[in-house]
Structure formats: C-alpha cells, structure tokens
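Heads up: the structure comes next, in structure tokens.
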Amino acid sequence: MPINAGPEYFKAEAKYNAAKTIPEKIAGLEEMLRVGPNHKSTENLRAEIKTKISKLRAQIEKERLTGKGKGKGANLAIKREGAAQVILVSLTNAGKSTLLTALTNAKPLIADYKFTTTKPEVGITDYKGVKMQVIEIPAIYEDFAYKGEGPTLFSIMRSADIIVFLIDNTQNEKQQLDLLYQEFEKANIRLNAEKPKIIVKKQGMGGIEFLGNKYFRFDTKDAIQLLTQNGYHNAIITAFEPVTIEDLADVLNEGIVYLPLLKIHTKADIKGEGISAETGYGLEKLKENIFHTLRLMKVFTKTPGKEKDWPPVALQEGDTVKTMARLIHKDFLKKFKYARIWGKSAKHAGEKFGLEHELKDDDIIELHLK
Ligand SMILES: Nc1nc2c(ncn2[C@@H]2O[C@H](COP(=O)(O)OP(=O)(O)OP(=O)(O)O)[C@@H](O)[C@H]2O)c(=O)[nH]1
Ligand SMILES: [Mg+2]
10 MPINAGPEYF KAEAKYNAAK TIPEKIAGLE EMLRVGPNHK STENLRAEIK
60 TKISKLRAQI EKERLTGKGK GKGANLAIKR EGAAQVILVS LTNAGKSTLL
110 TALTNAKPLI ADYKFTTTKP EVGITDYKGV KMQVIEIPAI YEDFAYKGEG
160 PTLFSIMRSA DIIVFLIDNT QNEKQQLDLL YQEFEKANIR LNAEKPKIIV
210 KKQGMGGIEF LGNKYFRFDT KDAIQLLTQN GYHNAIITAF EPVTIEDLAD
260 VLNEGIVYLP LLKIHTKADI KGEGISAETG YGLEKLKENI FHTLRLMKVF
310 TKTPGKEKDW PPVALQEGDT VKTMARLIHK DFLKKFKYAR IWGKSAKHAG
360 EKFGLEHELK DDDIIELHLK
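Numbering (this note's numbering), first residue to last: 10 to 379.
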C-alpha cells in the first residue's frame with residue numbers, strides 16, 4: 010500500500026480489481042497512476058503499475074494482429090509514398106478533411122455533422138518539389154485506443170513520421186488536447202518525447218549487470234525486480250544520463266514508439282490564430298513547419314554547365330555528400346572523385362568537397378566521377 014495514497018487511489022485500485030476486460034483493467038491502472046502519489050517513495054510502485062499496463066496493452070495488440078478479441082484483425086495497410094508520412098488527427102469536425110483537400114489531391118467528404126470521415130483518407134502534398142504523404146485518421150474519441158477500428162488506426166500512426174494535432178479554435182482547447190494526449194498515451198505513442206538514454210541488452214548468462222551507476226536514480230535491487238518481472242534474467246543495463254525507475258520501465262516496454270508532434274489551430278478565419286484551410290491562410294507556412302520538424306532538407310543535383318535539376322532530393326539533416334551519391338546511383342560511391350557545391354554549406358560558389366561533407370537545405374551539388 011503506497012504512503013499518502015488518497016481515497017481516489019483506493020477507488021481506482023478497487024476498479025482495477027473488479028475489472029473484467031483488458032481495457033477496463035488498463036483504465037483502472039491508468040487511474041491509479043493519475044491519482045496516486047508521485048514521489049520518490051512511490052516510484053517503484055509506479056514502475057510496477059506501468060509494467061502491468063504495458064503487458065496488458067501488448068496483449069491487446071497481439072489479439073488485434075491475430076484477429077482474436079473484438080477488434081477486427083484486418084490490417085489497414087497504407088502504402089508509403091513520398092519523403093515522409095504525415096498524420097492528421099483531431100476530435101471530430103476540427104477540419105482534417107478540409108485541410109487534406111487544401112493540401113493534397115485527395116477528395117474526402119467534408120461536412121458539419123460529426124464523424125464524417127470513417128476510414129483513413131490519403132493524399133500527396135508538394136513542398137517546394139518534395140512530395141509528402143498526408144493521411145487523415147477518422148476522429149478520435151474517448152477510449153479510441155481500445156475500441157473498434159481505433160487500435161488498427163493507431164498501428165498506422167505508430168509507423169508514421171510525424172503527428173499533426175488539429176485544434177479547433179471554435180471549441181474548448183484544453184478538452185481537445187487532453188483527450189488527444191490521453192489516447193496517444195494509451196496507444197503507447199510518446200509525442201515530442203526523447204527516448205530515455207538507457208540501454209538494456211539481453212545476455213545469455215551472467216545475471217544483471219549495471220554500467221553508469223552514477224546516473225541511476227533508483228536502487229538496483231528494485232531495478233532487478235522490475236527486470237525479472239519483464240523477463241530479463243541476464244542483461245547489461247547502461248545509462249548515459251540520469252534515469253529513474255519509471256524511465257527504465259518505459260525502456261523495457263518495447264511497444265513504445267516516439268514521434269514528433271506539431272499542434273496547429275484551425276478555423277482561424279472564424280476565431281483566433283493558426284491556419285484556415287477554408288481560405289488557405291497559413292498553409293504554406295504549415296508545410297514548411299512540417300518539413301523542418303521532420304528535419305528534412307532538399308538538395309538539388311546539377312550537371313556541369315547546366316542549371317540545377319528539378320525536383321530536389323529529400324535528405325535528412327546531417328546527411329552528407331556520401332548519402333547523396335549513394336542515392337543517385339549505387340556505383341557513384343566507388344567512382345566518386347569530388348563534389349562541387351553551391352549553397353549554404355559552401356563558403357564560395359562551386360567549392361570542392363569529399364564524401365564526408367555535410368549538406369545543408371537548398372544546396373546544389375555536382376558530382377564528379379573517376
Ligand atoms: N470557417 C471554417 N470552417 C472550416 C474550416 N475547416 C473546416 N471547416 C468546417 O468545419 C466542418 C468540419 O470540417 P471537416 O473538414 O469535415 O472536419 P473533419 O475534422 O474532417 O471532421 P470528421 O471527419 O468528422 O472528423 C465543415 O463544415 C467545414 O466546412 C476552416 O478553416 N474555416
Ligand atoms: Mg473528415
């Protein structure tokens with residue numbers, strides 16, 4: 010029994026103990042986390058609750074994939090296209106379909122009644138020559154993560170590159186955000202969060218070993234118990250920055266994915282700031298924002314004596330001449346002599362560089378081969 014737990018905690022615990030279905034059990038445990046005390050002496054308990062939740066969630070995911078359980082087993086696969094997959098999410102009527110129509114070639118139904126969109130709608134948008142796939146997910150509601158098509162739709166989102174929340178300026182902002190965050194939490198998707206810097210590596214033997222002890226903000230005895238509960242009997246645990254036992258519980262839960270989030274406010278023509286998909290206001294800026302949040306950049310190729318080629322190639326920030334050469338042709342790495350570059354990463358126009366040189370957005374690159 011936790012120290013200083015209030016009556017709400019015991020109510021939640023009773024709810025958990027009485028629960029018959031997995032979602033009910035999860036809801037009970039989540040409530041225990043929410044209303045339970047959160048300080049140093051309860052960290053172990055919280056980590057244990059988290060482990061229970063992730064095991065139950067994994068069970069739901071497994072049942073979904075094998076087609077057991079009530080949710081349909083069918084996997085709605087969406088073929089990836091373009092440099093990135095962008096997901097539009099909101100409560101009903103926030104303007105996802107209107108935005109998708111304004112940004113892409115898609116023609117979803119738009120209406121002022123609730124839950125107009127009932128399956129994912131897909132389109133392609135163009136940002137300065139770079140194509141990105143945009144997907145509208147049917148509106149989120151309470152317990153979407155567990156009900157009907159929700160788990161299947163969340164599994165589409167798990168493999169996406171970025172989540173965009175649409176917040177309707179004409180509705181209560183906090184209610185929209187709370188519900189969205191809550192459902193993503195339930196689906197084990199962490200938004201705009203860094204993965205805790207701790208590595209757990211299973212071993213064949215040797216028991217449990219800890220490296221980087223100065224960073225552990227927990228008792229290794231408790232950590233061993235948590236690891237054992239999760240099926241780790243031989244493992245090396247390495248930390249690179251301060252980590253709590255809850256961080257360890259998160260890392261042990263392989264079902265967690267980490268995705269970037271962008272929040273945008275819609276219907277700015279009626280009220281408030283943000284975008285208006287109806288008038289087109291703020292849409293170019295939005296695409297730019299998505300592009301930068303994804304840490305993408307565009308690089309142009311060029312042949313000697315000619316203008317730059319169109320369209321540009323989409324690369325990830327930090328990519329080098331080597332990435333580019335490899336992308337253009339598999340033989341180019343072997344034949345590479347040097348590159349000439351025009352743009353932000355070059356001090357003067359046409360400067361010569363080797364394979365390890367880091368490119369910048371809007372660079373123009375001319376490859377010279379042996
Ligand atoms: N004034 C104004 N109305 C908008 C804007 N965007 C959407 N709407 C209106 O809001 C209503 C809902 O728009 P949809 O695009 O269908 O919203 P949705 O998020 O796709 O809705 P669901 O599919 O039901 O979840 C429609 O009546 C739209 O015309 C906007 O930027 N300005
Ligand atoms: Mg819609």
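Where is the CB? At the ideal position from N, CA and C, for every residue including glycine.
On a predicted model such as this, the values are computed, not experimentally measured, just so you know.
Heavy atom of ligand 2 within 7 Å of residue i beta-carbon
| i | result |
| --- | --- |
| E287 | no |
| S106 | yes |
| P117 | yes |
| E145 | yes |
| T110 | no |
| T126 | yes |
Close-in-space but distant-in-sequence residues of the same chain around residue i (CB under 7 Å, 5 per side omitted)
| i | result |
| --- | --- |
| V308 | P321, V322, L324, M333, L368, D372, I374 |
| L109 | L97, A115, P117, E130, G132, V143, E145 |
| E151 | L188 |
| K3 | Past the edges of the chain, shown from 10 to 379, lies residue 3, and the structure says nothing about it. |
| N178 | H274, T275, K276, A277, I279, K280, G281, G283 |
| E52 | F227, T253, I254, E255 |
| L200 | I172, F193, L268, L270 |
| K123 | T101, N102 |
| P251 | Y224, R226 |
| N298 | L271 |
| V260 | P205, I207, V209 |
| P32 | D152, Y155 |
| K29 | none |
Rounded distance between the beta-carbons of residue j and residue i, thought under 8 Å
| i | j | result |
| --- | --- | --- |
| I398 | V173 | Because the chain is modelled from 10 through 379, residue 398 falls outside the range shown and cannot be assessed. |
| E255 | A56 | 5 Å |
| R66 | I35 | 7 Å |
| A244 | Q212 | 6 Å |
| K105 | L186 | Actually they do not touch by this definition, with Cβ atoms about 16 Å apart. |
| T237 | I207 | That belief does not hold up - the Cβ atoms of T237 and I207 are roughly 17 Å apart, past 8 Å. |
| I119 | R167 | I119 to R167, Cβ: 27 Å. No contact. |
| M141 | A93 | 5 Å |
| H377 | A355 | Incorrect: roughly 15 Å between the Cβ atoms, too far for contact. |
| V44 | E17 | 4 Å |
| L305 | V95 | The Cβ separation is near 11 Å, so there is no contact. |
Per DSSP, cross-strand counterpart(s) of residue i
| i | result |
| --- | --- |
| T275 | D177 |
| V131 | I144 |
| W319 | According to DSSP, W319 bridges with nothing at all. |
| M166 | Paired residue(s): none; M166 is not in a bridge. |
| L378 | F345 |
| L261 | DSSP output for L261 lists no bridge partner at all. |
| I171 | V95 |
| T113 | According to DSSP, which records beta bridges pairwise, T113 is partnered with nothing at all. |
Proximity test, residue i beta-carbon vs ligand 1 heavy atom, cut-off 7 Å
| i | result |
| --- | --- |
| A103 | yes |
| T113 | no |
| D328 | no |
| T275 | yes |
| S63 | no |
| I279 | yes |
| S50 | no |
| S99 | yes |
| K123 | yes |
| A120 | yes |
| A21 | no |
| A36 | no |
| A14 | no |
Own chain partners of residue i with C-beta closer than 6 Å, once the 5 adjacent residues on each side are dropped
| i | result |
| --- | --- |
| L42 | I58 |
| T127 | P147 |
| L162 | I146 |
| K296 | Y136 |
| E360 | I350 |
| E287 | D278 |
| S99 | K105, L175 |
Own chain, CB closer than 8 Å to residue i, minus 5 neighbours either side, in chain order
| i | result |
| --- | --- |
| T329 | L364, E365, H366, E367, L368 |
| K379 | K344, F345, K346 |
| Y290 | A277, D278, I284 |
| A358 | W351 |
Near ligand 4: residue i beta-carbon under 7 Å from a heavy atom
| i | result |
| --- | --- |
| A28 | This structure simply doesn't include ligand 4; it includes ligand 1 and ligand 2 instead. |
CB contact check: residue i to chain C, cutoff 8 Å
| i | result |
| --- | --- |
| N114 | No chain C is present in this structure, which holds just one protein chain. |
### Query
How about the region 214-232 and the region 15-23: do they share at least three Cβ pairs that are nearer than 8 Å?
Proximity of the region 214-232 to the region 15-23 falls short of the contact definition, fewer than three beta-carbon pairs being nearer than 8 Å.
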